[in-house]
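Chemist:
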Amino acid sequence: MIVTGGGSGLGRALVERFLGEGARVGVLEKSAEKAEKLANDFGEDVLVVEGDVRKYDDNARVVQETVRQFGRLDTFVANAAIWDFSTKMVDIPVDRLDALFDEMFHINVKGYLHGARAAVEELAATGGSIIYTVSNAGFYPGGGGPLYTASKHAVVGLIKELAFELGPKIRVNGVAPGAMPTDLRGPGSLGMGETTITSAVSLGDLVKQCTVLQELPEAADYTGHYVLLASKANSRTATGAIINCDGGMGVRGLAETAGGNDL
Ligand code: NAD
Numbered sequence: 000m001i002v003t004g005g006g007s008g009l010g011r012a013l014v015e016r017f018l019g020e021g022a023r024v025g026v027l028e029k030s031a032e033k034a035e036k037l038a039n040d041f042g043e044d045v046l047v048v049e050g051d052v053r054k055y056d057d058n059a060r061v062v063q064e065t066v067r068q069f070g071r072l073d074t075f076v077a078n079a080a081i082w083d084f085s086t087k088m089v090d091i092p093v094d095r096l097d098a099l100f101d102e103m104f105h106i107n108v109k110g111y112l113h114g115a116r117a118a119v120e121e122l123a124a125t126g127g128s129i130i131y132t133v134s135n136a137g138f139y140p141g142g143g144g145p146l147y148t149a150s151k152h153a154v155v156g157l158i159k160e161l162a163f164e165l166g167p168k169i170r171v172n173g174v175a176p177g178a179m180p181t182d183l184r185g186p187g188s189l190g191m192g193e194t195t196i197t198s199a200v201s202l203g204d205l206v207k208q209c210t211v212l213q214e215l216p217e218a219a220d221y222t223g224h225y226v227l228l229a230s231k232a233n234s235r236t237a238t239g240a241i242i243n244c245d246g247g248m249g250v251r252g253l254a255e256t257a258g259g260n261d262l
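The C-terminal residue of the sequence shown carries number 262 in numbering that gives the first Met the number 0, and the numbering is unbroken.
(1) Under 8 Å: do the segment 132 to 144 and the segment 165 to 185 share three or more Cβ pairs, one atom per stretch?
(2) Less than 8 Å separating the beta-carbons of Thr238 and Asn172?
(3) If you pair each beta-carbon of the segment 26 to 33 with each one of the segment 1 to 15, do three or more pairs fall below 8 Å?
(4) Give the C-beta separation of Ala229 and Ala12 to the nearest angstrom, bearing in mind that I take them to be a contact with Cβ-Cβ under 8 Å.
(5) Out of curiosity, what's the CA-to-CA distance linking Ala59 and Leu112?
(6) Whole-angstrom Cβ separation of Ala117 and Tyr55, contact assumed at under 8 Å?
(7) Which two residues bound the contiguous alpha helix (DSSP H) that contains Thr86?
(8) Around the C-beta of Val62, are 16 or more other C-beta atoms found within 10 angstroms, so that it is buried, or is it exposed?
(9) Regarding Leu189 and the ligand NAD, is the C-beta to nearest heavy atom distance less than 7 Å?
(10) When we look at the beta-carbon of Gly142 and count the other beta-carbons within 10 Å, is it buried (16 or more) or exposed?
(11) Report buried or exposed for Gly168, applying the criterion of at least 16 other Cβ atoms within 10 angstroms of its Cβ.
(12) Using a threshold of 8 Å, state whether the C-beta atoms of Asp83 and Pro186 are closer than that.
(13) So, helix, strand or coil for Ser198, using DSSP?
(14) Figure out for me which residue from Tyr225, Gly19, Arg71, Thr125 has the closest Cα to the Cα of Cys264.
(15) Just to check, is the beta-carbon of Lys33 closer than 7 Å to a non-hydrogen atom of the ligand ATP?
(16) So what does Ala175 bridge to, in DSSP terms?
(17) Tell me the DSSP secondary structure of Gly25 in three-state form.
(18) Can you say whether Glu49 is buried or exposed, counting buried as having 16 or more other CB atoms within 10 angstroms of its CB?
(19) Tell me the DSSP bridge mates of Ala77?
(20) Can Leu52 and Ala34 be called in contact, C-beta distance under 8 Å?
(21) Can you give the Cα-Cα distance for Lys151 and Val45, rounded to whole angstroms?
(22) For Val154 and Leu146, I'd like the C-alpha separation in whole angstroms.
(23) Verify whether the separation of the beta carbon atoms of Gly246 and Val211 is less than 8 Å.
(24) Using 8 Å as the threshold, is the C-beta distance between Ile91 and Asn107 below it?
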């Protein structure tokens, strides 16, 4: 399998989980430091390609090298993304809007498209599947600014369209996690390339206020959903499906967040 952005956060948790499931994992990762750490931390069952999801050729390279080293490709997880730190439209400097839009959509949307395009022949050969990391922002406002929210809604559109276009050989599904403490960064075009979600947001308070389950998960807590979707034996009937696993943002109450506090 392949995961993009496997150097930290959810991507790295997926590398560890899939290794534990017996998979061999190719990773496309932009950060040289994180790529080196991955290569050092895991043995020969992980192949790390340093590169950028914005470039089609880098996506093609990780597919080629993974197949060369491990013989086949069953699952492609497109996961690398950036966040806009909920920068509202009126707070985006007008002279930065073009650059911000291009950066956000280039990584979060075009990067996912490049990944699917690069992997399609190998996945067709194995009857494999694509899994896209979405977000609560693929469904609800306020978990990002207009650009992050629109980019994740666009990912939902890609899942539906590609599920149609690549079937019946390739299944295309998504996982929509909610908050988790990771190294998630912002756009360089807003000077947020070094800002991390954990330094900027009190995630524990956030999930208490807006999720039924109220506890802040770790990245590893989301990985089982990917294992389920990757398993043809367990998900043969799922394509165009998205697992919403954000702690229940869509079913929270108005007067009280969770109705069962007294249970
Ligand atoms: P993260 O920053 O820890 O992980 C993302 C990885 O992608 C990093 O290793 C980063 O170096 C890499 N990356 C960034 N840009 C890249 C590029 N252009 N090319 C290649 N690699 C690149 O953040 P994370 O929170 O683990 O994010 C993973 C996914 O989870 C994203 O799709 C994000 O939108 C989603 N998500 C995160 C949260 C959250 O609260 N952290 C909530 C919902 C959804």
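Every residue, glycine too, gets a C-beta built ideally from N, C-alpha and C.
Modeler: Working from what's here:
(1) Because the criterion of three Cβ pairs below 8 Å is met, the segment 132 to 144 and the segment 165 to 185 touch.
(2) yes
(3) yes
(4) In fact, because the Cβ distance is near 14 Å, the residues do not count as touching under 8 Å.
(5) About 12 Å.
(6) The beta carbons of Ala117 and Tyr55 sit about 7 Å from each other, so the pair counts as a contact at 8 Å.
(7) Neither: Thr86 is in no alpha helix (DSSP H) and is coded neither H nor E.
(8) buried
(9) no
(10) That one is buried.
(11) Strictly speaking, residue 168 in this sequence is Lys, with Gly absent from that position. With fewer than 16 other Cβ atoms within 10 Å, it is exposed.
(12) In terms of Cβ geometry, Asp83 and Pro186 form a close pair [threshold 8 Å].
(13) helix
(14) It is not possible to answer for residue 264, since the shown part of the chain is limited to 0 through 262.
(15) No copy of the ligand ATP appears in this structure; the ligands present are the ligand NAD.
(16) According to DSSP, Ala175 bridges with Asn243.
(17) strand
(18) buried
(19) Tyr131
(20) Per the sequence shown, the amino acid found at residue 52 is Val instead of Leu. No, the pair does not count as a contact, with Cβ atoms beyond the cut-off.
(21) 28 Å
(22) About 12 Å.
(23) In contact: Gly246 and Val211 (Cβ atoms closer than 8 Å).
(24) Cβ distance not < 8 Å, so Ile91 and Asn107 don't count as in contact.
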